[in-house]
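Colleague: Residues in the sequence shown are numbered from 135 upward in steps of one, following the numbering used here.
No residue lacks a Cβ here, since even glycine has one placed at the ideal position from N, Cα and C.
All values reported here derive from a predicted model rather than from experimental measurement.
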Amino acid sequence: MTDVRAMYGSGRNGQSGPAAGSERVLVDLVDRVDSLAKRAGTLEVAAVPARRRIAQLREHVARHVRPRAVSLDAPLVVLLVGPTGAGKSSLFNALIGRRASPTGVLRPTTRELIALARPDAGDALTRDGGPLWGIEQERLRLVLDDAAPEGIVLIDAPDVDSVEHQNRALTDRLVEAADLAVFVTTATRYADRVPWEVLGRVRDRGLPLVVVVNRMPPDANDRVVVLDDLRRLLSDAGIVDARRRIELDLIGVAEGSLDAATDGLDRTAIEPLLERMARLASNKESRVELAARALAGSLAGLEPQLRAIGEDLEHAAIDAERLRRLATDAYERELGTLRDELARGLFLRAEALRQWHAFVGADEITRLFSTGIGRLRATLSTLVHGAPE
Numbered sequence: 135m136t137d138v139r140a141m142y143g144s145g146r147n148g149q150s151g152p153a154a155g156s157e158r159v160l161v162d163l164v165d166r167v168d169s170l171a172k173r174a175g176t177l178e179v180a181a182v183p184a185r186r187r188i189a190q191l192r193e194h195v196a197r198h199v200r201p202r203a204v205s206l207d208a209p210l211v212v213l214l215v216g217p218t219g220a221g222k223s224s225l226f227n228a229l230i231g232r233r234a235s236p237t238g239v240l241r242p243t244t245r246e247l248i249a250l251a252r253p254d255a256g257d258a259l260t261r262d263g264g265p266l267w268g269i270e271q272e273r274l275r276l277v278l279d280d281a282a283p284e285g286i287v288l289i290d291a292p293d294v295d296s297v298e299h300q301n302r303a304l305t306d307r308l309v310e311a312a313d314l315a316v317f318v319t320t321a322t323r324y325a326d327r328v329p330w331e332v333l334g335r336v337r338d339r340g341l342p343l344v345v346v347v348n349r350m351p352p353d354a355n356d357r358v359v360v361l362d363d364l365r366r367l368l369s370d371a372g373i374v375d376a377r378r379r380i381e382l383d384l385i386g387v388a389e390g391s392l393d394a395a396t397d398g399l400d401r402t403a404i405e406p407l408l409e410r411m412a413r414l415a416s417n418k419e420s421r422v423e424l425a426a427r428a429l430a431g432s433l434a435g436l437e438p439q440l441r442a443i444g445e446d447l448e449h450a451a452i453d454a455e456r457l458r459r460l461a462t463d464a465y466e467r468e469l470g471t472l473r474d475e476l477a478r479g480l481f482l483r484a485e486a487l488r489q490w491h492a493f494v495g496a497d498e499i500t501r502l503f504s505t506g507i508g509r510l511r512a513t514l515s516t517l518v519h520g521a522p523e
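#1: Can you give me the start and stop residues for the alpha helix (DSSP H) that residue 248 sits inside?
#2: Check whether the Cβ atoms of residue 229 and residue 289 sit closer than 7 angstroms, and answer yes or no.
#3: Throw me the rounded Cβ distance for the residue 389 and residue 327 pair, which I believe falls under 8 angstroms.
#4: Helix, strand or coil for residue 322, going by three-state DSSP, please let me know.
#5: How should residue 173 be labelled, buried or exposed, when 16 other C-beta atoms within 10 angstroms of its C-beta is the threshold for buried?
#6: What residues in its chain sit with their C-beta under 6 angstroms from that of residue 398, if we drop five residues either side in the sequence?
#7: Is the beta carbon of residue 339 less than 7 angstroms from the beta carbon of residue 432?
#8: Short of 8 angstroms in beta carbon distance, which residues of its chain neighbour residue 75, apart from the five on each side in sequence? Order them along the chain.
#9: Have a look at residue 206 and residue 459 and give me their C-alpha separation to the nearest angstrom.
#10: Entirely within the segment 147–230 and at least 3 residues each: give me those beta strand (DSSP E) ranges in chain order.
#11: Taking the alpha helix (DSSP H) that residue 412 falls in, what are its first and last residues?
#12: Just curious, the alpha helix (DSSP H) that residue 334 is in, first and last residue?
#13: On the three-state DSSP scale, how would you describe residue 312?
#14: For residue 187, collect the residues of the same chain with a Cβ closer than 8 angstroms to its Cβ; drop the 5 residues on either side in sequence, then sort them by chain order.
#15: Beta-carbon within less than 8 angstroms of residue 467's beta-carbon, same chain only, minus the 5 sequence neighbours each way: which residues are those?
#16: State the beta-bridge partners of residue 276 as determined by DSSP.
#17: What are the start and end residues of the beta strand (DSSP E) that includes residue 256?
#18: For the segment 277–292 and the segment 246–262, state whether three or more C-beta atom pairs, one from each stretch, are separated by less than 8 angstroms.
#19: Within 10 angstroms of the Cβ of residue 310, are there 16 or more other Cβ atoms? Answer buried if so, exposed if not.
#20: Three-state secondary structure (DSSP) at residue 349?
#21: If you run the structure through DSSP and keep just helix, strand and coil, what is residue 358?
#22: Do you know how far the Cα of residue 291 is from the Cα of residue 377?
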């Protein structure tokens, strides 16, 4: 793993910034990547996956890599993601100890992102380069509360499998800004395909990850089966194999573990996650350490992402050259045919004939034939029957 933490020291006022000798190195490299991503975004790339990768890189660099390269002290972005009906909003309410995110049977319940932070973090979240920058006001509900965890922004994202495309697109943008992902699923839906696309991006980013499995069966053996199968899927997807970059926690929540007072999950059922959040809120060094791990994962994930985009652009250039050659060959063939017709006079004769027909007109030719035939008929009639007296 890139030793990002070693590159940072304690600056003025205890702020963690680039250490001496590396003050501009990392930021300059990130700026070069950002510049390349912007240039790639101006190119004509027909393939949809290629355009998606370019947009993803730009979002990731702007919302996470560059802000974290500048400072590890910015508030941690803890993102709750998962499929519809998994209990994200219930977990959100349980984490903050009160009802802030609506829950219910209407799907999708979460149509906007809900972010909880301290008042002094509000401007940093929405300004240029912040994790919530550029998000439409109607899609954002920012809750500023002095009781929010210190140094943490907690976000309840729209459902990843929502039938509303804008919901999925917004969640994808938030994944690029996160420092810690909390993936919420259920004992019956943990293998659904669409949410695993998000986990694939978590893997590629090396993003620290917590998996909360809601509505676990009451039988202990059944719970073991569910968690073992989930671990197998995580391993097959390369998430566990990438443990050198990804910190993974797995938490099971029993069916019916709810707290009506907060409209959330029972806080005792998510105690491991609550303890971790409490450590992060109370210990700045722990927050900086997590931010450094998230940044290290992002930096390690840039190389394969840039390679894939480079291959996309190379293929696009090959396709463009092939089309240019096809167009050139077709033009040359038609030009050769035209030159040949001009040399043999075929074009001029055809043009002269066209002009003659246009001048005479089809009606005039028909009239001449009709008049001639009429006169011939009259002459023959006179010879046979004689002239009328």
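Modeller: Checking against the coordinates, here is how it stands:
#1: From DSSP, residue 248 is part of no alpha helix (DSSP H) but of the beta strand (DSSP E) over 247–251.
#2: no
#3: Not confirmed; about 24 angstroms, so no contact.
#4: coil
#5: exposed
#6: 224, 227, 228
#7: yes
#8: A query on residue 75 cannot be resolved here, the shown segment of the chain reaching from 135 to 523 and no further.
#9: 51 angstroms
#10: 150–152, 210–215
#11: 405–416
#12: 327–339
#13: coil
#14: 439, 442, 443, 446
#15: none
#16: 249
#17: Residue 256 -> not in any beta strand (DSSP E); alpha helix (DSSP H) instead, spanning 256–260.
#18: yes
#19: buried
#20: strand
#21: helix
#22: Residue confidence for residue 377 is low, a pLDDT of 46 falling below 50, so the modelled location carries little weight and cannot support an answer.
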